[in-house]
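Sequential numbering of the sequence shown, starting at 5, is according to the numbering used here. A virtual CB, placed ideally from N, CA and C, is assigned to each residue, including glycine. Just so it is clear, the structure is predicted and the values come from calculations on it, not from any experiment. Before any comments, here is the structure.
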Amino acid sequence: MPIKWSRIHAELGESPTALTYAMVDRAVRLDMAETDDLEWKRALPQGPDKKLEEFAKDLAAMANTGGGLIVYGVSEDADERADELLGVANGKAERQTLHSYAARWVRPLIGDLAIESLDDGRGGPGLIVVFVTASPDAPHVVVYENNRMGVPYRYGPHTNWMSEHELERAYRDRFSRRADDRAALVALLDGLKPEIDQDKGVWLALAAQPVLSPPPRTSGPDRQNAIKAILDAEALAGDLTGDTSWFRKLLGLSDGVVANPRTGLRRWRFRSYRADDNLQASASWPVVELHHNGGVALAVELTSTVSVPKLHDAHWVPVRVMDLLIGAGVALASSHSRTLGITGTIMVRADLLTSGSAPSRHLIAVERVHPDSSSFERVGGSAPVRVPAAVEATFTADSDITALRDAARQLAEDLNHQFGKPDCSLP
């Protein structure tokens, strides 16, 4: 089971980790009370439709109120405290049925909804747990038959319906969140600019930011968390692109750099710090940052990766290298979020940065003459670009390899299309 964070973790004093049957059993033995983000359910929802509609109401209410956990197979007492672990059927069919109920009645659909089974390992009754993340698309509406609808929210252990003015505020908050999320991405990219020398050529800069904050910790992620995220990202980038040989070379991640990340302001930084008489020379080296809140930022200078005669009025952009770096950025964002136990949507933004002192210099797409060649040539039919537009995509922290590849391809193709190149090189 993927790493998740829930009220049960918090009450038991557990760090972000996979929820287990034993943890739920401990919670029941402690008579853990229902809250706005934890609900006990004796049995799975079954007909008539009113009971099934109640499930959709519970999901939407939690998604509209910061997320939470619903546990099926635990009874509660009159004080809304866990009373007894009873168990429920928890096979694939039962989980798929719950997913279908959510898709039938909740609009918009709740992203990153996780419905999982817990077993005691001894053949006893199992449980179904439903993880509902705080949704960036809130408010979610429950749409019933005959055009009945409402917008629920949690108030302590209870579920209420939003009034008109509460609904108005909820929609206003949605638009404000989206603006704030985009501003956070731009801020991450802006934070890279003082660290690089844009006069050196063209830099591929990428930033990713989870919409939701990571689970609470007593301190920021430690050095081993950061190293693990890099190693996991290397393997994941190989799955995305079919090759891992380029990952460390393009990102400047020698064994020494990977093993010795430097501390920064609420971040870990992976960058070579070679001694040099000219300290400004370090500005041409790649920079990779893993922020404590789950954010990722990287910048790599593209022009120096190709052996093409330089022109005074143009920058060469190796599009294959650009595509690989986008795959690396998506892999890093995914692995870093998973290491921290983050759930929900991750926004990612990629941009080609050039020197502000020469804004009229065009960017020209180049690619290898053939795969084994060290020579590059201009991409046939491509057009020079003066001011490329930044591009964005989203995926979820629990995305599988197909969804991650789709996000990387979207970013890469959006950049390639600006050069008139119809496809990117990612598989």
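DSSP beta-bridge partners of residue i
{"i": "ASP355", "result": "ALA209"}
{"i": "PHE135", "result": "LEU73, ALA118"}
{"i": "ARG270", "result": "Per DSSP, none; premise fails for ARG270."}
{"i": "VAL399", "result": "According to the sequence shown, residue 399 is Phe rather than Val. Its beta-bridge partners are ILE350."}
{"i": "GLU417", "result": "None; GLU417 has no bridge partner."}
{"i": "HIS295", "result": "ARG271"}
{"i": "ALA369", "result": "VAL321"}
{"i": "LEU503", "result": "This structure cannot settle anything about residue 503, because the visible part of the chain is limited to 5 through 431."}
{"i": "PHE380", "result": "ARG372"}
{"i": "GLY130", "result": "VAL92"}
{"i": "VAL262", "result": "Its beta-bridge partners do not exist; DSSP assigns none."}
{"i": "VAL389", "result": "LEU367"}
Check whether residue i and residue j have beta carbons under 7 Å apart
{"i": "LEU208", "j": "VAL304", "result": "yes"}
{"i": "ALA301", "j": "LEU192", "result": "yes"}
{"i": "ILE205", "j": "HIS295", "result": "The amino acid at residue 205 is misidentified as Ile; the sequence shows Gly. Their beta carbons are not under 7 Å apart, which means GLY205 does not touch HIS295 by this criterion."}
{"i": "VAL136", "j": "GLY224", "result": "no"}
{"i": "ALA65", "j": "PRO156", "result": "yes"}
{"i": "ARG46", "j": "SER79", "result": "yes"}
{"i": "ALA354", "j": "LEU244", "result": "no"}
{"i": "THR349", "j": "ALA233", "result": "no"}
{"i": "LEU330", "j": "ALA212", "result": "Leu is not the amino acid found at residue 330; the sequence shown has Ile there. Result no, Cβ atoms of ILE330 and ALA212 do not sit closer than 7 Å."}
{"i": "SER339", "j": "GLY298", "result": "no"}
{"i": "ARG442", "j": "ALA37", "result": "Since the first and last residues shown for the chain are 5 and 431, residue 442 lies out of range."}
{"i": "VAL325", "j": "LEU356", "result": "no"}
{"i": "GLU58", "j": "TYR148", "result": "no"}
{"i": "ALA369", "j": "VAL383", "result": "yes"}
{"i": "ASP317", "j": "LEU430", "result": "no"}
{"i": "SER2", "j": "ASP194", "result": "The requested residue 2 does not occur in the structure, where the chain is confined to residues 5 to 431."}
{"i": "PRO290", "j": "LEU255", "result": "yes"}
{"i": "PRO265", "j": "PHE274", "result": "yes"}
{"i": "VAL32", "j": "LEU90", "result": "no"}
{"i": "GLU293", "j": "ARG270", "result": "no"}
{"i": "THR406", "j": "ASP116", "result": "no"}
{"i": "SER167", "j": "ALA67", "result": "no"}
{"i": "VAL323", "j": "GLU381", "result": "no"}
{"i": "ALA97", "j": "PRO143", "result": "no"}
{"i": "LEU34", "j": "ARG11", "result": "no"}
Proximal residues to residue i (C-beta, below 8 Å), its chain only, five neighbours per side dropped
{"i": "ALA411", "result": "VAL334, VAL352, ALA397, THR398, PHE399, SER403"}
{"i": "ASP83", "result": "ALA37"}
Proximal residues to residue i (C-beta, below 7 Å), its chain only, five neighbours per side dropped
{"i": "ALA60", "result": "TYR105, ALA106, TRP109, VAL110, VAL146"}
{"i": "GLN414", "result": "ALA397"}
{"i": "LEU189", "result": "ALA211, GLN213, MET351, ARG353"}
{"i": "ILE119", "result": "ARG99, LEU102, HIS103, ILE132, VAL134"}
{"i": "ASP87", "result": "SER79, GLU80, ASP81"}
Beta-carbon separation (whole angstroms), residue i vs residue j, contact threshold 8 Å
{"i": "SER386", "j": "LYS425", "result": "5 Å"}
{"i": "THR69", "j": "ASP40", "result": "6 Å"}
{"i": "ILE132", "j": "GLY77", "result": "7 Å"}
{"i": "LEU419", "j": "VAL395", "result": "6 Å"}
{"i": "GLY130", "j": "VAL92", "result": "7 Å"}
{"i": "PRO161", "j": "GLY345", "result": "Going by Cβ atoms, the distance from PRO161 to GLY345 rounds to 25 Å, so no, they are not a contact pair."}
{"i": "TYR25", "j": "ASP123", "result": "6 Å"}
{"i": "SER121", "j": "ASN94", "result": "4 Å"}
Residues of its chain near residue i, where Cβ-Cβ distance is below 6 Å and the 5 sequence neighbours each way are ignored
{"i": "LEU336", "result": "ALA237, VAL300"}
{"i": "VAL262", "result": "ILE234"}
{"i": "SER286", "result": "Reliability of the predicted coordinates at SER286 is poor, the pLDDT of 46 falling under 50, and no value is obtained from them."}
{"i": "LEU113", "result": "none"}
{"i": "GLY242", "result": "THR248"}
{"i": "ARG409", "result": "LEU244"}
* What beta strand (DSSP E) runs, 3 residues minimum, are completely inside the segment 6-48? -> 42-45
* **Complete runs of the alpha helix (DSSP H) confined to the segment 78-126 [at least 4 residues]** => 96-109
* Run through the segment 143-214 for me and flag every whole beta strand (DSSP E) of 3 or more residues, listed as ranges in chain order. => 145-147, 156-159, 162-165, 207-214
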